[in-house]
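Data first, discussion second: the structure below is written as structure tokens.
Protein chains in written order, with our numbering: chain A, 929 to 1096; chain B, 2 to 184.
This is the structure we're talking about:
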């Protein structure tokens, strides 16, 4: 290899003016190993690049693992999302139901629906009861009066019927 | 292939088989790039796995991406940086594994010497600032064009060139020093 060409390429390489093709050419030259002695110091650098290029992901099971992950997660993801979401809704419902149940209990115990004693003094209570009974008996009295009136009609009707029978 | 020789993939019609045969082969490039950041093979593998799963999940939108490989590299970069941040881990150290130097013509002495200098270069590159390290990796190992590097690293052309220039010259300087003084 023409050492002028190598020097020219190297100069471009160090100043970062070499094209990709020129850099590839340079690598090929160093790979072939026929470089002039004065450039021997640069050779390990290019050798280093070449060796690093060969480095690969040295794991036979790697592809399999990736393919497996690609296959499964989407489906499992959907189902677990569904379960997760419905669990969230269910948990929300449980909280609301529990809260309403407790509040209802609380309200019930704070104002009980049964009759409450109205009077503490027995005398007053007696008077009140008497009043109530009197009211009822009064109503009964008036009802009796009305019934008497109705009776009057009945008696009159019966007498008329009797008279009619005797005439006939 | 498009005119630039890049592989063009119809992501709309993508099925598992074409994913495996066309996208999967990019895994090594992604792995090397992630490894450059993380310095740990297991972490790098995890990142590559996540990138590939993202490509599969987003395959319907992928046709709008101009250069899907650069897109993958960018995601790899972002995920790797996230991972570094998350683990609050300082820059991990170079891949110290040995390099197999198969050159039958070299004497044992020469081969050891070469092996040693390659380990040194690995250290030089690992010691570079992060951007420079990324740029030199993308250009000199993966052979990306400047435009693609801009796209991957989300930098402008000028920044890419400046970083590459600094990276190459820092390594060159150290190489010359070794050879001159045997340091």
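Glycine included, every Cβ here is placed at the ideal spot set by N, Cα and C.
Quantities reported herein were computed from a predicted structural model and do not represent experimental measurements.
Not one beta carbon of chain B lies nearer than 7 angstroms to the beta carbon of residue 1030(A). Taking the CA atoms as reference points, residue 965(A) sits about 14 angstroms from residue 177(B). Interface annotation, residue 32(B): in contact with chain A, CB-CB separation under 7 angstroms. Exposure of residue 1074(A) is indicated by the presence of fewer than 16 other C-beta atoms within 10 angstroms of its C-beta.
When Cβ-Cβ separations below 7 angstroms define contact, residue 964(A) makes no contact with chain B. No residue range can be given for residue 129(B), since it is assigned to no alpha helix (DSSP H) and is classified by DSSP as neither H nor E.
The shortest C-alpha to C-alpha distance from residue 122(B) to any of 170(B), 27(B), 72(B) is the one to 170(B). Excluding residues up to 5 positions away in sequence, 80 lie with their Cβ nearer than 7 angstroms to the Cβ of residue 51(B) in the same chain. Here the C-alpha atom of residue 1064(A) lies approximately 20 angstroms from the C-alpha atom of residue 1077(A).
Burial check for residue 138(B): the Cβ neighbour count within 10 Å reaches 16 or more, so the residue is buried. Selection 166(B), 181(B), 180(B) evaluated against residue 941(A) yields 166(B) as nearest (Cα-Cα). Separation of the CB atoms of residue 53(B) and residue 994(A) is rounded to 5 angstroms, and the pair is thereby assigned contact status at 8 angstroms. The beta carbon of residue 29(B) falls within 7 angstroms of a beta carbon belonging to chain A, placing the residue at that interface. In the same chain as residue 158(B), and ignoring 5 residues on each side of it, the C-beta atoms closer than 7 angstroms to its own belong to 147, 151, in chain order. Membership of residue 142(B) in any alpha helix (DSSP H) is not indicated, and neither H nor E is assigned to it by DSSP. Counting only Cβ-Cβ distances below 7 angstroms, residue 173(B) has contacts in chain A at 942, in chain order.
Less than 7 angstroms divides the Cβ of residue 958(A) from the Cβ of residue 971(A). For residue 118(B), the closest Cβ of chain A is nearer than 7 angstroms. For the stretch 125-150 of chain B, residues whose beta-carbon sits nearer than 7 angstroms to a beta-carbon of chain A comprise 141, 142, 144, 146. Secondary structure of residue 946(A) (DSSP, three-state): coil. DSSP, read as helix, strand or coil, puts residue 158(B) in helix. A buried status is given to residue 973(A), since no fewer than 16 other beta-carbon atoms sit within 10 Å of its beta-carbon.
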